[in-house]
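Following numbering that gives the first Met the number 0, the numbering of the sequence shown begins with 0 at its first residue and continues without gaps.
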Amino acid sequence: MEPNWDGAMEEQDFFCDELATTPHPETGLVLVTGATGYVGGRLVPELARRGYRVRAVARAGAAAYRSKWPGAEWVEADALKPETLDAALAGVDTAYYLIHSLTLSARRFAAADLQAARNFRLAAARQGVRRIIYLGGLGDVRGPLSPHLRSRMQVAEELGQGPAALTILRAAVIIGSGSASYEIIAGLVRRLRVIPLPPWTRTRCQPIGIRDVVKYLVGVLEVEDTAGGSFDIGGPDVLTYRDMLRAQKEIAGRRIVCFHVPFANISFYAYMASLFVPVPASVIRNLLRSIGSEVVCKESEIRRFLPFATIPYREALVRALSREEQDRIHTRWSDAWPPAFELAMKLDQLPEAPQYGRAYSLESPKPASALFRSVCLIGGRQGWFQSSFLWRLRGLVDRLLLGIGTARGRRSHASLRVHDVIDFWRVEELVPDRKLLLRAEMKQPGKAWLEFNVEDLGDRRRLSVRAHYYAKTRPGKLYWYFFLPFHIFIFRDLIRGIEKRS
Ligand SMILES: NC(=O)c1ccc[n+]([C@@H]2O[C@H](COP(=O)([O-])OP(=O)(O)OC[C@H]3O[C@@H](n4cnc5c(N)ncnc54)[C@H](OP(=O)(O)O)[C@@H]3O)[C@@H](O)[C@H]2O)c1
């Protein structure tokens, strides 16, 4: 269970209850790197539920994760800063390596991933870590590989050079609610009536459901004989990307015209797709870069140790869709994007108070809990009241500038927690019934925050919204004055809308 914005607990799904293996918590402390990411975020609660002592790694903001998974110990460490790793690895028996820097530019990610793996391997050796479990990518090492897949293999080689026994799991596309691959396919099918199919959509792939990935990750920990082995993991279906799109189309019951095009430029398609799906162009481009390489299991040795039946692609889609409909997405690709360390300067960490600010407030007889609940429902599908179109317009401009726009929406429409995204904002602070602080992640020449407060005045409550803006450059200052007239309109409308809905 995870704490929600009002202190209530969100129900969590557990996949490993069906595993036939026996938990061995006595083996010692288990470290999960990449715990703030899509896969790691699902693994941590599963391990804790099976009785393991879990230490989870975040690069920043570990305090906020402590309440999310009270069953785990959270530490801050960055694999690119070797001096932070020893403390994280001290006393660890088995470490999961789920780190990747896919969000960095193509030029930087391979070098960063290799360096991170090297630092980790050396620190693990110094701290006497016994086992490392790494989730990497599928792909035929003998054939031409995309830079991304090649990098995933170099990471495996690097980790394998240390004394710890390395278990490698190699997966293709992971399908589940909140996964970037799923949201791209589902978003295209939801928004488009005509879809062009470039030549690389003929490449074959063996997708796997997130539940099976988590089961394999936990399963190999519990089967000691998998230490030192490398295993391909995949679902039962081998499909082309066209087949995957077709399946989504059929499940969603959408009539879509698909036609073949010879033009194959990946950056162009990533940019075009980003205008229709919740995933930004840079993430789509990085995923598409691997699309020319066939990613199909070449062996099935893992079944000897963990012989459970993996779910078919269509079932993974239906499960993801139903999680979306039930508003029960536990982790999402946006949890780890953009990288926390690059944009995580908090309002109270600024070298000086923001120079610009504007506040709007109103008084209401309604209880603080009702007002705050309404605050926590802003954005996403619910929109921003009358001025929703202005927010969407700002989002569109951001998208055109290769930013994230408003399309990311929300992980959940009914719940909110620290680090969640709301369109182009991210939750920086949440104090139930009192305060919600959002940090802007859109492209702009300064740093911006939006702060909502509910104050108790005895028989009434004051509901306020305050925009904070910090800029040092001339374009940054001009930006504030340019948007000032819009603020008056947008924020008054917003605060009135929140009060009315509550
Ligand atoms: N998702 C898929 O479809 C898929 C498919 C096949 C294989 N895999 C493999 O599964 C693993 C996990 O993937 P994912 O989708 O969960 O990734 P993700 O959501 O992008 O998360 C990546 C994680 O790596 C962390 N990280 C990045 N650089 C770091 C550094 N220098 N030090 C410490 N932590 C760092 C991030 O932390 P921050 O929050 O601080 O950024 C984040 O927690 C990867 O090895 C990936 O190759 C994934």
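Backbone N, C-alpha and C fix where the C-beta goes; we use that ideal spot for every residue, glycine too. Please read all numbers here as calculations on a predicted model, not as lab measurements.
- Checking the 7 Å criterion, the Cβ of H99 is within range of a heavy atom belonging to ligand 1.
- Here the distance from the Cβ of I183 to the nearest heavy atom of ligand 1 is not below 7 Å.
- The beta carbon of Y469 sits closer than 7 Å to those of L349, P353, Q354, G445, K446, all from its chain and outside the five residues before and after it, given in chain order.
- P431 and V453 have their C-alpha atoms spaced approximately 10 Å apart.
- Comparing alpha carbon positions, the residue from Q385, R438, D242 closest to I497 is Q385.
- In the three-state DSSP reduction, D236 falls in the coil class, being neither helix nor strand.
- Taking C-beta separations shorter than 6 Å and ignoring five residues to either side along the sequence, the partners of A335 in its chain run T35, G36, following chain order.
- Under DSSP, T309 takes part in no beta bridge, so it has no partner.
- Comparing C-alpha distances from A94 to each of W68, A163, L316, D16 shows the shortest one belongs to A163.
- For L121, the closest C-alpha among the options R141, A89, H99, P146 is that of A89.
- In this structure, the alpha-carbon of I421 lies about 16 Å from that of V464.
- For E82, the secondary structure class from DSSP, reduced to helix, strand or coil, is helix.
- Taking a cut-off of 8 Å for Cβ pairs, the segment 52-64 and the segment 75-86 touch, as three or more such pairs fall below it.
- Its chain contains R398 as the residues whose beta carbon lies nearer than 7 Å to that of L274, once the 5 sequence neighbours on both sides are disregarded; these appear in chain order.
- Excluding five sequence positions before and after P197, the CB atoms of its chain that fall closer than 7 Å to its own CB belong to V260, F262, A263, Y268, given in chain order.
- Along the length of the segment 30-101, whole beta strand (DSSP E) runs at least 3 residues long occupy 53-57, 71-75, 91-96, reported in chain order.
- Only buried fits V212, as 16 or more other CB atoms lie within 10 angstroms of its CB.
- When beta bridges are read from the DSSP output, I174 appears opposite G208.
- With contacts defined by Cβ atoms closer than 8 Å, I310 and R203 do not form a contacting pair.
- Scanning V282, G138, L191 for the CA closest to the CA of I232 turns up G138.
- DSSP places F451 within a strand segment (E or B) once states are collapsed to three.
- Of all C-beta pairs linking the segment 396-414 to the segment 276-289, three or more are shorter than 8 Å, placing the two stretches in contact.
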